[in-house]
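In the numbering used here, the protein residues as written are 35 to 146. The beta carbon of each residue, even a glycine, is placed where N, CA and C say it ideally should be.
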Amino acid sequence: MKWLEKNTYIVVLFIAFLVMGAFLLITDNGKTTYEQIEIQHGDTLWTLAETYRGKMPIQEWIQQVKAENGISDEHIVAGHALTVPVNSHSIYIAKIKSEEDLHSVEVAVKNQ
35 MKWLEKNTYI VVLFIAFLVM GAFLLITDNG KTTYEQIEIQ HGDTLWTLAE
85 TYRGKMPIQE WIQQVKAENG ISDEHIVAGH ALTVPVNSHS IYIAKIKSEE
135 DLHSVEVAVK NQ
């Protein structure tokens, strides 16, 4: 007991680490994965956010993309690769560029 009284700073530090660890476990749902995509002509971070963000707020998604790719502004260049966060529950097959690319596709549903 005297050791605790003499070393209260260690106890406080230990409790702080426990609280931070608990906070991270509670707030991180672990459902975000990253995917590398190729930027197409006309793509912006906002249009890509609508496709890939799931339920994440647009500004938060854009900030994560900028941080992951080392981008300081919102300008992206067609033809370059971009790593984007994708919600793991989002299921998409393809991005249709025109009506000519539209075909029937059989889709399998993931059991939850």
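By the CB criterion at 8 Å, residue 105 and residue 73 fall outside the cutoff.
Taking 8 Å as the cut-off, the Cβ atoms of residue 103 and residue 85 do not count as close. Shown here, residue 60 sits in a helix according to DSSP, grouped into three states. In this structure residue 49 is exposed. Its beta-carbon is surrounded by fewer than 16 other beta-carbon atoms within 10 angstroms. Note that the C-beta distance between residue 45 and residue 52 is not below 8 Å.
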